[in-house]
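Peer 1: So that we are looking at the same thing, I have put the structure below in structure tokens.
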Amino acid sequence: MIETALDARITASWVTGDEAYGQDPHLRLALETREVGYVLAVACSTRVRVNQGRAPARADTVADSLPATAWQRHSAGNGARGPRHYDWAWVHIGAGSHRHLLIRRNRTTGELAFYRCWSPTEVTLAELVRVAGARWSIEECFQAAKSQVGLDHYQVRHWTSWHRHITLAMLALAFLTAVAVASAAPHRPTEPHHPTRKREPIHLTVPEIRRLLTAVLTAPAITTATLLHWSSWRRLTSQRLDAVTTGDDLSRNPPDGPGSRTDVRPFRDSRFYAYLRGMFRGRLSGSLELVAQPLRTARRRPEP
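So our numbering is basically just the index in the sequence shown, starting at one, shifted up by 315.
Shown next as structure tokens:
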């Protein structure tokens, strides 16, 4: 698939993957031939040649021999609770000037992870860390697609059927993501300890938008204001959990009163609220009613 994409002139600077791909020499050779850099996870038992003339050594043995000054702290990207900081080290391996063994160490448990790296040009440690950390966001996308739009909920036997399902699932996830980005308040401060963050809920997320749209389509009797109030309560609860995690003092900012956590009026002025209202007052209302009517009929209990 990578070769097909490259042949179609889809450019890529890096390829990253887990140990199943890191142990494949044919994949590494193909990427090097195409001059595409890679950061591929490998097992701790992988043998690498640190210095020319010496016998190959296990990756974990190489890590144990490194001095304390070889380790640097870098973030592998943002996680659910902020930056994911690890200790990182890299060692030149094999022939050529751009082959490295990248080592990640958990700052709490000391657990090690190893990556075999190659690049067509000289790179920095921070760049390799960035590529290695990109796997987390990629896995998050797969998980969101499976849980929110049913990426893996198919039972097909033919390529065409599978391709149609995957394409529609990816399109649905792209739509939800675009709505989440468009509905985010641009003025909300990004600093985790900013005072106004304690009085505002988190942004509308992909799961939250999916729940709202599902409720609107399957239960039209519920008003949009009720749905947004329900959404506000859940997201304010998430904000309280974030505040507890970051150590913010909620007592300094009581949640009651206008503009506080329980105030739903800002949502009536939000772009997502206007989007929902326009969807039912505009040209889409008839189409959505055609979808909702069979669902309402199916939910009715049969008469005795």
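Ideal Cβ placement from N, Cα and C applies to all residues, glycine included.
Leaving out the 5 sequence neighbours to the left and right, which residues in its chain are closer than 7 Å to leucine 488 when beta-carbon positions are compared?
Peer 2: Closer than 7 Å at Cβ, skipping near neighbours: Ala459, Ala460, Gln463, Val464.
Peer 1: Classify tryptophan 329 as helix, strand or coil using the three-state DSSP reduction.
Peer 2: Tryptophan 329 falls in the strand class under three-state DSSP.
Peer 1: Helix, strand or coil for histidine 518 per DSSP?
Peer 2: Coil.
Peer 1: Please report the straight-line C-alpha distance between leucine 542 and arginine 343, rounded to a whole angstrom.
Peer 2: Distance between the alpha carbons of leucine 542 and arginine 343: 51 Å.
Peer 1: Is the beta carbon of serine 390 less than 8 Å from the beta carbon of arginine 399?
Peer 2: Their beta carbons are under 8 Å apart, which means serine 390 touches arginine 399 by this criterion.
Peer 1: Suppose you measure from the CA of proline 340 to the CA of valine 531; what does that come to, to the nearest Å?
Peer 2: So the alpha carbons of these two residues sit roughly 51 Å apart.
Peer 1: What do you get for arginine 283, buried or exposed, if any count of 16 or more other CB atoms within 10 angstroms of its CB means buried?
Peer 2: What is shown of the chain runs 316 to 619, which leaves residue 283 out entirely.
Peer 1: According to DSSP, is serine 566 helix, strand or coil?
Peer 2: Low per-residue confidence applies at serine 566: pLDDT is 49, beneath 50, and the placement is therefore not dependable enough to give any value.
Peer 1: In the DSSP assignment, find the unbroken beta strand (DSSP E) run with histidine 400 in it and report its ends.
Peer 2: Unbroken beta strand (DSSP E) run through histidine 400: 397 to 407.
Peer 1: With DSSP as the reference, label tyrosine 336 as helix, strand or coil.
Peer 2: DSSP places tyrosine 336 in helix when its eight states are reduced to three.
Peer 1: Going by DSSP, what residue range makes up the alpha helix (DSSP H) through glycine 448?
Peer 2: Its alpha helix (DSSP H) spans residues 440 to 464.
Peer 1: Which of the three DSSP states is assigned to alanine 391 in this structure?
Peer 2: Strand, per DSSP.
Peer 1: How is glycine 597 classed by DSSP in three states: helix, strand or coil?
Peer 2: For glycine 597, the pLDDT reaches just 49, beneath the cut-off of 50, and the residue's location in the model is therefore unreliable, although a value from the coordinates is still provided. DSSP places glycine 597 in coil when its eight states are reduced to three.
Peer 1: How many angstroms separate the CA atom of aspartate 467 from the CA atom of tryptophan 477?
Peer 2: The alpha-carbon atoms of aspartate 467 and tryptophan 477 are separated by roughly 10 Å.
Peer 1: Strictly by DSSP, which residues pair up with alanine 358?
Peer 2: None, per the DSSP bridge assignment.
Peer 1: Between Leu483, His473, Leu355, Gln338, which has its C-alpha nearest cysteine 432's C-alpha?
Peer 2: Among Leu483, His473, Leu355, Gln338, the Cα nearest to that of cysteine 432 belongs to Leu355.
Peer 1: Please classify alanine 323: does DSSP put it in a helix, a strand, or coil?
Peer 2: Here alanine 323 sits in coil by DSSP.
Peer 1: Which of helix, strand or coil does DSSP assign to arginine 343?
Peer 2: Here arginine 343 sits in helix by DSSP.
Peer 1: Determine which residues share a DSSP beta bridge with phenylalanine 429 and list them.
Peer 2: Val357, Ile418, per the DSSP bridge assignment.
Peer 1: Take arginine 369 as the anchor and find which of Pro382, Ile408, His473, Leu483 has the nearest alpha-carbon.
Peer 2: The residue with the shortest Cα to Cα distance from arginine 369 is Ile408.
Peer 1: Would you give the residue range spanned by the alpha helix (DSSP H) that threonine 423 belongs to?
Peer 2: First-last for threonine 423: undefined, no H or E at that position.
Peer 1: Just verifying my parser: in three-state terms, what is the DSSP assignment at valine 363?
Peer 2: Three-state result, valine 363: strand.
Peer 1: Where does glutamine 554 land, buried or exposed, given buried means 16+ other C-beta within 10 angstroms?
Peer 2: Glutamine 554 comes out buried.
Peer 1: Give the DSSP bridge partners of arginine 373, in chain order.
Peer 2: In the DSSP output, where bridge partners are listed per residue, arginine 373 has Arg362.
Peer 1: Tell me which residue opens and which closes the alpha helix (DSSP H) that arginine 478 is part of.
Peer 2: Residue 478 is actually histidine in this sequence, not arginine. Counting along the chain, the alpha helix (DSSP H) containing histidine 478 begins and ends at 474 to 498.
Peer 1: Excluding five sequence neighbours on each side, which residues of the same chain lie with their C-beta closer than 6 Å to the C-beta of glycine 572?
Peer 2: In this prediction, glycine 572 scores a pLDDT of 42, lower than 50, which makes its location untrustworthy; the coordinate-derived value is nonetheless stated afterwards. Here the set comprises nothing.
Peer 1: Here's the rule: buried if 16 or more other CB atoms are within 10 angstroms of the residue's CB, otherwise exposed. What is glycine 574?
Peer 2: Confidence at glycine 574 is low in this model, with a pLDDT of 44, below 50, so its placement is unreliable and no value can be given for it.
Peer 1: Using a 10 Å radius around the Cβ and a threshold of 16 neighbouring Cβ atoms, would you call glycine 597 buried or exposed?
Peer 2: In this prediction, glycine 597 scores a pLDDT of 49, lower than 50, which makes its location untrustworthy; the coordinate-derived value is nonetheless stated afterwards. With fewer than 16 other Cβ atoms within 10 Å, it is exposed.
Peer 1: Skipping 5 residues on each side, what residues in its chain have a beta carbon closer than 7 Å to that of threonine 520?
Peer 2: Within the same chain, threonine 520 has close Cβ partners Ala495.
Peer 1: Can you say whether alanine 358 is buried or exposed, counting buried as having 16 or more other CB atoms within 10 angstroms of its CB?
Peer 2: Per the 10 Å Cβ criterion, exposed.
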